[in-house]
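Taking it in order: structure first as structure tokens, then the write-up.
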Amino acid sequence: MDRERLILLHHCRGAGRKAIQSFLAFDPELKAVFQLSKKELIERFRMSHQNSNDFLEDIRKLSYRSIEQTYRKHNIKIHTYFDSHYPVPLRHIFDSPWVLYSKGNTEALSAPLAISVVGTRNPTEGGLKSLNKVLMPLLEKGWVTVSGLAAGIDTHAHELTLTQSGSTIAVLGSGIGRIYPKANTALAHRITKKGLLLSEYPYDLPPRKWQFPQRNRIISGLTRGTLVVEARERSGSLITADQAMEQGREVFAVPGSILDECASGTNRLIQQGAKLVMEAEDILSELSLIY
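Written out as structure tokens, the structure reads:
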């Protein structure tokens, strides 16, 4: 497999994860892909007319050199699935990203102890206190946190880690050049000092609604356990929890009052088999054998 061709393809519109998988099955060296006609793209690879047009336009005008220069200029590293420095935990999930982009301290990706943290964008005071109570003992032991840079619980998990001089990974639903939400741009910059920004999307790709549920599999896939703090019945946090379960990872949920809408999702997770968490030891006892 040619690494440069894979990275170039990853920047072409119409070449999503499944399309690249089909390309690799068709030609592991990714040479013949550059000679495909529109008819072949539509008939063999089931691309739509629009996607095939976009793909052919991009594959003709883009060059690996210009792509590589952009990432080097912004101190961003590129990790392909076939590189030795690709995050090991992500190799073992069903739909591993073919290419990842990171900015900051890449040592965070190989940290021996790490926990994913997700939750509501509108946490209660009790939810934030619960997160502090559970997370602080882990941070004091040097655990890395992984979250999604969203408002609310995600932001608090990142900030709490940084206040403890810890390392945190923010998995983005956009390219690293398009931080979302914009309100967290300064936080993203702080994270790169000791932690890491991580995305499977090319540098300048803007946030799109469908990309956030997609990135959740990376949040859960990077660690052996995901902690959910306050989530409603229909919440993106529950998508992350579902992904973790499908990946064979542990799911931990902080319980709440049956009268509290913010706890309805986490309480439901506990009903479905997630481990009820009241203190850090509940996580440590579950993951100690794995780690």
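To convert, take the position in the sequence shown, counting from 1, and add 30; that gives our numbering. Even for Gly, the Cβ is constructed at its ideal location relative to N, Cα and C.
Counting along the chain, the unbroken alpha helix (DSSP H) around Phe53 starts and ends at Arg47 to Phe56. Three or more Cβ pairs closer than 8 Å define a contact, and the region 114 to 122 falls short of that threshold against the region 173 to 192. In the DSSP assignment, Gly149 is bridged to Val259. Judged by beta-carbon spacing, Thr110 lies within the 7 Å limit of Leu36, meaning their Cβ atoms are closer than that value. Along the length of the region 151 to 215, whole alpha helix (DSSP H) runs at least 4 residues long occupy 155 to 170 and 183 to 193, reported in chain order.
Under the DSSP assignment, Gly134 falls in the beta strand (DSSP E) whose first and last residues are Val129 to Gly134.
Here the alpha carbons of Gln65 and Leu268 stand approximately 42 Å from one another. Where Phe282 is concerned, there is no enclosing alpha helix (DSSP H), although the beta strand (DSSP E) around it starts and stops at Glu280 to Ala283. Judged by DSSP secondary structure, Lys68 falls outside any beta strand (DSSP E) and instead within the alpha helix (DSSP H) spanning Lys68 to Glu73.
Only buried fits Leu161, as 16 or more other CB atoms lie within 10 angstroms of its CB. Your pair Ile183 and Leu168 does not check out as a contact, with CB atoms roughly 15 Å apart and the cut at 8 Å. Ile248 and Leu60 have their C-alpha atoms roughly 25 Å apart. Per DSSP, Ser96 lies in no beta strand (DSSP E); the unbroken alpha helix (DSSP H) holding it starts and ends at Tyr94 to Lys103. Only buried fits Thr253, as 16 or more other CB atoms lie within 10 angstroms of its CB. For a cut-off of 8 Å, the C-beta gap from Leu299 to Ala283 is around 4 Å, short enough to register as a contact.
Going by DSSP, His109 is part of no alpha helix (DSSP H) but of the beta strand (DSSP E) stretching over Lys107 to Thr110.
Taking C-beta atoms as the reference points, Leu235 and Gly134 fail to come closer than 7 Å. By the Cβ neighbour-count rule, His40 is buried, with 16 or more other Cβ atoms within 10 Å of its own. In the DSSP assignment, Leu39 falls outside any beta strand (DSSP E) and lies within the alpha helix (DSSP H) extending over Arg33 to His40. Straight through space, the alpha carbons of Asn83 and Lys68 are spaced by roughly 7 Å. Pairing Cys42 with Ile108 gives a Cβ-Cβ distance that is not under 7 Å. Glu316 and Ala304 have their C-alpha atoms some 11 Å from each other.
The beta carbon of Phe85 sits closer than 7 Å to the beta carbons of Cys42, Arg43, Gly44, Ala45, Leu71 and Met77 from its chain, once the five residues preceding and following it are set aside; these are given in chain order. When the alpha-carbon of Ser250 is set against those of Pro237, Ser140, Glu280 and Gly286, the nearest one is in Glu280. In this structure Gly203 touches Arg245 by the C-beta definition: roughly 5 Å separates them, less than 8 Å.
Between the alpha carbons of Phe242 and Ala180 lies a gap of roughly 10 Å.
For Asn105, same chain residues with a beta-carbon under 7 Å away, outside a window of 5 residues either side, are Lys133 in chain order. Within 10 angstroms of the beta-carbon of Ile123 lie 16 or more other beta-carbons, which makes it buried.
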